[in-house]
Amino acid sequence: MSSIKPRLAIVNITGCTGCVISILDLHEEIIEILNRVDLIYCTTLLDIKEIPLCDIALINGTISNEHDIELAKEIRKKAKKVIALGSCACFGGITGLRNYFRRDEILEYSYKTVLTNEHGIIPSENVSPLTEYVEVLENIINVDFKIPGCPPVPSMIKDFLLAILDGREPSIPSKNLCAECEKSHESMLIPTKEFLTFRVNASHEIDYREDLCFLEQGILCIGFATREGCKGRCVNANIPCRGCMGPLEKERDQGCASISGLSSIFPIGQLITQEDLSGTVYRYSLPFSILHQVHKKRERGKKNE
């Protein structure tokens with residue numbers, strides 16, 4: 051058996067680096083990974099400028115500028131396996147909400163309406179131009195595997211990497227978050243022609259039961275349209291799910307799945323008056339959604355007319 055360890059690169063594109071911190075949150079368990087790989091590139095931990103050839107590359111962040119595209123393509127050429135790490139790389143993440151606006155609108159607002167940029171100058175020299183839209187990694191290069199989450203649970207990253215190192219097919223849970231939620235259902239599963247609730251509440255606005263499903267109490271939660279795997283970190287701490295694990299495998303459009311489910315629980319009038327409903331249901335997955343793909347084709351069609 052060869053004594054040469056597989057070479058691992060951890061690469062950041064546009065993002066918050068939270069996915070890398072999640073790896074470090076393995077604490078002493080990270081030794082089990084480091085004993086089996088040669089960590090050759092990680093700008094968070096190592097001072098290495100050039101990306102060498104590697105066996106496995108974990109890429110976290112979104113494709114948001116031209117440099118991200120160049121970097122992703124370089125990694126694809128140098129890595130045998132590429133893993134999209136985190137919901138930014140998999141689905142677009144928080145950064146993907148930029149796609150609700152045109153690129154010029156974003157630049158104008160960000161640099162000309164803030165007090166901290168006194169002269170309203172939009173940087174251009176030596177700054178990589180923004181892409182027209184935020185893109186998911188798989189729209190730019192071939193991706194072998196995905197590990198969703200914002201950030202992914204440390205144990206999921208560990209199990210995923212160990213499976214690859216052992217020559218096994220890695221997998222992630224496929225049910226929705228309700229399968230991991232410890233809260234009870236009293237009326238959710240009872241067939242009825244009536245809405246379960248006639249008001250949409252924030253959890254801080256009402257006195258709610260901690261043991262009962264949020265939706266049954268009129269509190270917006272989209273765990274039913276979100277993949278499990280996070281171990282219910284938020285809902286079991288009495289924070290409604292915001293959808294960071296992304297859509298279910300057979301539900302490409304998390305926002306549409308959310309609206310479809312919520313409309314059978316809340317009156318539609320209550321839903322459409324919610325502030326930024328579209329931002330809520332597409333918080334982590336807008337660039338990956340069918341809605342956005344249709345929008346891109348329509349906008350580019352207008353430019354070609």
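With our numbering applied, the sequence shown corresponds to residues 51 to 355, in that order.
C-beta: ideal position from N, C-alpha, C; glycine also.
Quick caveat, the model's predicted, so the values are computed rather than measured.
DSSP three-state assignment for residue i, whether helix, strand or coil
i	result
K233	coil
E188	helix
C69	helix
E182	strand
Y161	helix
S118	Position check: residue 118 holds Asp in this sequence, whereas Ser was assumed. D118: helix per DSSP, three-state reduction.
K128	helix
I90	strand
L298	coil
A139	helix
R277	strand
L321	helix
N226	strand
A252	coil
I289	coil
I269	strand
DSSP beta-bridge partners of residue i
i	result
V196	Residue identity check: residue 196 is Lys in the sequence provided, not Val. Beta-bridge pairing links K196 to A134.
T112	T64
Continuous alpha helix (DSSP H) stretch holding residue i: start and end
i	result
L215	P204 to L215
L327	L327 to V331
I309	Q304 to L312
is_contact[residue i, chain C] using C-beta, thresh 8 angstroms
i	result
D75	No chain C appears in this structure, which consists of one protein chain only.
Contact check, residue i vs residue j, beta carbons under 8 angstroms
i	j	result
V61	I125	yes
L74	L108	no
A122	L187	yes
L341	C294	no
I133	V184	no
> Would you call the region 141–148 and the region 322–335 in contact, with 3 or more CB pairs under 8 angstroms?
Replying inline: Yes, since at least three Cβ pairs between the region 141–148 and the region 322–335 fall closer than 8 angstroms, the two stretches touch.
> Counting Cβ pairs closer than 8 angstroms, one from the region 195–213 and one from the region 66–77, do we hit at least three?
Replying inline: A contact is defined here as three or more CB-CB pairs under 8 angstroms, and the region 195–213 meets this definition with respect to the region 66–77.
> Does the region 271–279 come within contact of the region 297–305, defined as at least 3 CB pairs closer than 8 angstroms?
Replying inline: Flag = yes, the region 271–279 and the region 297–305 touch.
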